[in-house]
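Numbering (the numbering used here), first residue to last: 460 to 621.
One structure below.
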Amino acid sequence: MSPLPAKPRGMYFEEFEAGQKIITAGRTITEADIVNFAGLSGDYNQMHTDSQYSKVSPFNQRVAHGLLGVAIGSGLATQTGVMEGTVIAFREIKNWKFIKPMFIGDTIHVELDVKGTKAMPRIGGGSVEIDLSVKNQASDTVMKGTWVVLIAAQPNKIFKKA
């Protein structure tokens, strides 16, 4: 007998409601993160990789890549399990703003706020719009924006196609 597939841990489309708030765990930005992201992305800008150059920059130290913060924030959001096994696709990032720099040693977390939902019967679920704020250890917002994520409907609640 084949084992039954595991029940998804994530929330289904119908379980999301405007006003829901989720706060992730924290994660500290390391030098290894910056070096590895530079290698992966090809972005070896001196503000990220050259400590001597950075000492005379406006920040007086190396700055983490903004897109590294987006990537880590995405990982932190995923680790909450809210979308595990129920996400169909990451659809859109809207109005993303990089507000403050992230430095080696900063610990960031993400605050997610569900803004709204829209049923999409043709995909068997719907879109969920989520505002995100990435914050550092001082609770300063370092970046923020909105995600649109496609989430599956509950298996017994699949919408009828019109």
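The beta-carbon is built from N, C-alpha and C at its ideal position, and this holds for glycine as well.
Note that the structure is a prediction, hence the values are computed from the model and not measured.
For S510 and F562, the gap between their C-alpha atoms comes out near 12 Å. Bounds of the beta strand (DSSP E) holding M602 are T600 to A611. In the three-state reduction of the DSSP assignment, V541 falls in the coil class, being assigned neither a helical nor a strand state.
Under DSSP, F562 forms a beta bridge with V522. Of the candidates A612, T605 and V601, the residue whose Cα lies closest to the Cα of G525 is V601.
Across the structure, R468 and S598 are spaced so that their CA atoms are roughly 29 Å apart. In the three-state reduction of the DSSP assignment, R550 falls in the strand class. Of the residues T539, A548 and P580, the one whose Cα lies closest to the Cα of I481 is T539. If one requires a minimum length of 3 residues, the beta strand (DSSP E) runs lying completely within the segment 474–516 are 480–482, in chain order. Setting aside the 5 residues that flank it on each side, G604 is surrounded in the same chain by I552, K553, N554, W555, K556 and L591, each with a C-beta closer than 7 Å to its C-beta; the list follows chain order. Counting of Cβ neighbours within 10 angstroms places E490 among the exposed residues, the total staying below 16. Taking the CA atoms as reference points, V515 sits about 13 Å from T508. Ranked by how close their Cα comes to the Cα of A477, the residues A612, P580 and G575 have G575 in first place. Taking a 10 Å sphere around the C-beta of V494, we find fewer than 16 other C-beta atoms and assign the residue as exposed.
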